[in-house]
Amino acid sequence: MVANSNGSKTNGGPVTFLEAIKQAMFEEMERDPAVVVIGEDVGVYGGAFKTSEGLLERFGWERVIDTPISESAIIGAACGMSYLGLRPICEMQFIDFIACCFNQLTNFVAKGHYLWNAPAPIVVRGPSGGGVHGGPFHSANPEMYFVHTPGLKVIYPSTPYDAKGLLKAAVRDNNPVLFFEHKFLYRRIKEELPAEDYTVPIGKAAVRREGRHLTILSYAAMMHTSLEAAEALSKEGIEAEVIDLRTLLPLDEETILQSVKKTNKVLVVHEDTKTGGIAGEIAAILCEKAFGDLDGPLMRVTSLDTAVPYSPPLEEYFLPNAQKVFAAAKELARY
Amino acid sequence: MNRPTAAGKRMKNDLTRQQYLDLYYYMRLNRAVEDTMVKLFRQNKIVGGLYSSLGQEAISVGSAYALEKKDWLAPMIRNIGALLVKGVPPRDVFMQHMAKYDSPTKGKDGTSHFGDLDNLHIVSPISMLGDLIPVMAGVAIAGRYLGQKIVAMTWIGDGGSSTGVFHEGLNFAATQKAPFVLILENNLWAYSTPVRRQVPLENLADRAKAYGIPSYIVDGNDVVAMYKTAKEAVDRARAGEGPILIEAKSFRRMGHAQHDSAEYVPKEMRTYWEARDPILLYEKFLTSEKLLDAKGKKEIEDKIEALLQKERDFAENSPMPPGEFAAEGVYCTGDDCHKIQPKWERDKSEVMPPKSSVQAVWTVEGFGAGKGSGGGVAPIHFGDTPAAEKAENEERLAPKSAPKTIAKKKSAKAAAVAAGSRKARR
């Protein structure tokens, strides 16, 4: 779906988003014996989506820990491990289940450094997002619960290159990092990856497409939807700049503000539901810091304020798509 | 289940004189620190709530005294005594309550909510009960992974033992055979709710059965019994026997916190337990064993008084934090902030390939016979099963009432399945 912007030599053929994540974990575990993987069915089975396949055979029982169905125990134990200097990567089998360990994450893990100087270098990763008919409990985008939690970092990549580089950066970060993997992208996009070790900095957005008429801010699967819409807009003479936020906490305000200075119009596209989504936060930031740069209202294309419905026609109606983005962008361009 | 009671253990003379006196000193210090805080509270020098462990000092002191310096603990709100035993100076406890800038959290949190990762190995609690259990299981597992031979200990109340995370944490610790000791402090009251309205069990130690782990019941007002039981549990956990639960039976003499006069507590209950004050009981014991006389007692009292005067002065003279400090410290900014390095006490190559790599060696007849599995006998697991453990599983799983031949057949299969479901064994 996207061309690799990275010109360096590759690892031998394009790899999927999923393979990129697997490579990141594998390489980090090879690099540092403090890195361990913990979660449900991550060992013998290799993970529900096979993201940890082969890790157990290579790194053994002590480093690839199958747990009972106990999300709070997974996060709690990982936090305790991190106090002794380990760097656990926790898997939520589906990110929806992160709700089960909300307290451990928001009250214990996130507040430790602020309150008693205890960093917890853990990564919590898992498949998120809709479009695959997973139903209301296997399709969620719960990122904003955690963007509202000081002490956490929240990453939501859209390309294999970023997924690998950001996951490695997350493992090496001294703070708890939530890493959302949009499962729609797992096997649908491929990219050549560099052969050498690399990381992608946390907290930096990427300009995916340059344009001058308006800015589309997006992330994860919707980044690709936005690019698709931008192509169609281009045919009508509207050049949209598409920015991939990549990290939601901390948000790269600088890149956003620079783009707004140039285009003066902003459309935010996210798959998360509308109320309390990142678009609202971005609107507030722009009002505070770029009010004079705006030539039109901030517009947003998001999912509906409902649970993610199961039946395909319902889910299609629920989700944003390129047509909806195109229509909103056309309207915005009129200002 | 090994469940010695206090009566059987009490009078054994296998502590040194110094150990006996240490236990006394720390109980007295625990009470004196809390008495001082009641005074500070009444002088409005304590900013928030004040929680008392009056009458429960033997639990905190006796259990923490069983730990070695390298071991880890995580206190609950009524475990000031455990912190003192571990080496926390009383000034830190005072300043935490007074929200001072020199306190361990520099005023960001109060009470016993502070820790020390580097030196004393203390994990800070949070107010949500039970959360420390999986965290300390993780500490225990990481310690084992790094070859440190440590034990992790934490406490939970009768009330906190009903939380979901208590179950998740203890169950996970048990599946991992983590070197972890959990002291279940049954003080009969969860705020205003009596234990009978919380848990339909006579002995909360019975909760251990659900996790297949050993448990003890101990008189929580008998510091020697508490220490000996905790020491045995700590030794067993360190030896690789897995987590152990100790129910310490006691009574919460004060209300939930200072504001609570606890009028819901029956008078008879209070009278009964006040007569069983752990410090008075222990003084009687020490006197009768000729370990303490009036002079020795006076010396200890003077020492504590002098210490606490100094500590209290320091705390009172500490400034309040500057307001703008509230904006600092949400994130670790990197190596300049914290250099995170595990302390390896085993050869790292053991956990790196090729040494760490495992092969499929266990097979179970009929497992994986479905489509695409590669045949009727497929590997279901990796790693090795120590022979002793396999025998133990077979024995445990053999139904005693069943005919012998069937029992044997069943148990072999069941043992293999059980072994297959146990993932990390060592």
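Residue numbers (our numbering), protein chains in the order written: chain A, 1 to 335; chain B, 1001 to 1426. The beta carbon of each residue, even a glycine, is placed where N, CA and C say it ideally should be. Predicted model only: the values in this text are computed from it and were never measured.
From the beta carbon of residue 1340 of chain B, is the nearest beta carbon of chain A less than 8 Å away?
True, the Cβ-Cβ gap to chain A drops below 8 Å.
Tell me whether residue 363 of chain A sits in a helix, a strand or coil according to DSSP, three-state version.
The structure shown does not extend to residue 363 of chain A, since chain A spans only 1 to 335, so no value can be given for it.
List the residues of chain A that residue 1172 of chain B touches, going by C-beta distances under 7 Å, in chain order.
67, 68, 70, 73 and 77, listed in chain order.
Could you list the residues in the segment 97–124 of chain A with a C-beta less than 8 Å from some C-beta on chain B, going in chain order?
So the close ones are 103, 104, 107, 108, 111, 112, 113, 114, 115, 116, 117, 118, 119 and 121.
In the DSSP output, which residue or residues are listed as bridge partners for residue 1249 of chain B?
Residue 1249 of chain B pairs with B/1186 and B/1219.
For residue 46 of chain A and residue 240 of chain A, what's the separation of their Cα atoms in angstroms?
Residue 46 of chain A and residue 240 of chain A: Cα-Cα distance of roughly 41 Å.
Pull up the distance between the alpha-carbon of residue 1283 of chain B and that of residue 1224 of chain B, whole angstroms please.
If I take the Cα positions, the gap works out to 12 Å.
With a CB to CB cut of under 7 Å and the five nearest residues on each side skipped, what residues in its chain are close to residue 133 of chain A?
Taken in chain order, the residues that qualify are 310, 312 and 315.
Should residue 85 of chain A and residue 48 of chain A be called a contact, given that it needs their Cβ atoms to be closer than 8 Å?
Contact flag unset, no.
For residue 214 of chain A, write down the residues that DSSP places opposite it in a beta bridge.
Answer by DSSP bridge pairing, in chain order: A/240.
For residue 105 of chain A, tell me which candidate among A/87, A/78 and A/166 has the shortest Cα-Cα distance.
For the residues A/87, A/78 and A/166, the minimum Cα distance to residue 105 of chain A belongs to A/78.
Please list the residues of the segment 1125–1144 of chain B that have a C-beta atom closer than 9 Å to any C-beta atom in chain A, keeping them in chain order.
Taking 9 Å as the Cβ-Cβ cut-off against chain A, the residues of the segment 1125–1144 of chain B that qualify are 1126, 1127, 1128, 1130, 1131, 1132, 1133, 1134, 1135, 1136, 1137, 1138, 1139, 1140, 1141, 1142, 1143 and 1144.
For the alpha helix (DSSP H) containing residue 1278 of chain B, name the first residue and the last one.
Residues 1278–1288.
Who does residue 96 of chain A pair with in a DSSP beta bridge?
Answer is none; residue 96 of chain A lacks a bridge partner.
Go through its chain and collect everything with a Cβ distance to residue 1121 of chain B's Cβ below 6 Å, but skip five positions before and after it.
Excluding positions up to five away in sequence, the list reads 1072.
Who are the neighbours of residue 34 of chain A on chain B, taking C-beta pairs under 7 Å?
Those within 7 Å of residue 34 of chain A in chain B are 1342.
Do we get a CB-CB distance below 8 Å when we pair residue 1103 of chain B with the residues of chain A?
No, its Cβ sits nowhere closer than 8 Å to a Cβ of chain A.
Residue 1166 of chain B: which of B/1130, B/1297 and B/1136 sits nearest, CA to CA?
When each option's Cα is compared against that of residue 1166 of chain B, the closest is B/1130.
Let's test the definition: count the other Cβ atoms within 10 Å of the Cβ of residue 222 of chain A and tell me whether it reaches 16, buried, or not, exposed.
That one is buried.
List the residues that DSSP assigns as beta-bridge partners of residue 1166 of chain B.
According to DSSP, which records beta bridges pairwise, residue 1166 of chain B is partnered with nothing at all.
Under a three-way DSSP split, which group does residue 1344 of chain B fall into?
Of the three classes helix, strand and coil, the one that applies to residue 1344 of chain B here is coil, per DSSP.
If the cut is a Cβ gap below 7 Å, which residues of chain A does residue 1114 of chain B touch?
Under the 7 Å cutoff, chain A gives 116.
In this structure, how does DSSP classify residue 1018 of chain B when only helix, strand and coil are distinguished?
Reduced to three states, the DSSP call for residue 1018 of chain B is helix.
For a contact meaning CB atoms closer than 8 Å, what does residue 1334 of chain B contact in chain A?
Per Cβ cutoff of 8 Å: 174.
Quick check on residue 1074 of chain B: does DSSP put it in helix, strand or coil?
In this structure, residue 1074 of chain B counts as strand in the three-state DSSP scheme.
Short of 9 Å Cβ to Cβ, which residues in the segment 44–62 of chain A face chain B?
Listed by position, the residues of the segment 44–62 of chain A near chain B (Cβ gap below 9 Å) are 44, 56, 57, 58, 59, 60, 61 and 62.
Restricting to Cα atoms, I'd like to know which of B/1329, B/1125, B/1110 and B/1050 is closest to residue 1255 of chain B.
For residue 1255 of chain B, the nearest C-alpha among the options comes from B/1050.
Step through the CB atoms of chain B and report whether any lies within less than 8 Å of the CB of residue 83 of chain A.
It does: the Cβ of residue 83 of chain A has a partner Cβ on chain B nearer than 8 Å.
Is residue 1157 of chain B helix, strand or coil by DSSP?
Looking at residue 1157 of chain B - three-state DSSP - the assignment turns out to be strand.
Of all the residues that make up the segment 1048–1066 of chain B, which are near chain A by a beta-carbon distance shorter than 9 Å?
Per Cβ criterion, the list is empty.
By DSSP, does residue 123 of chain A sit in helix, in strand, or in coil?
Three-state result, residue 123 of chain A: strand.
Residue 218 of chain A and residue 251 of chain A: beta carbons closer than 8 Å?
It is not a contact, given that the beta carbons lie outside the stated cut-off.
Output needed for residue 347 of chain A: all residues of its chain with C-beta closer than 8 Å, excluding positions within five of it in sequence on either side, in chain order.
Nothing about residue 347 of chain A can be reported from this structure: the residues present for chain A run from 1 to 335 only.
Going by the CB atoms, is the gap between residue 1081 of chain B and residue 1119 of chain B shorter than 8 Å?
No, the pair does not count as a contact, with Cβ atoms beyond the cut-off.
Got a sec, what are the start and stop residues for the beta strand (DSSP E) residue 133 of chain A sits in?
Segment: none, residue 133 of chain A is in no beta strand (DSSP E) and carries neither H nor E.
Quick check on the burial criterion: 16 or more other C-beta atoms within 10 angstroms. Buried or exposed for residue 1387 of chain B?
Its pLDDT being 45, under 50, residue 1387 of chain B is placed unreliably by the model, and the measurement read from it follows with that caveat. Exposed, by the Cβ-count rule.
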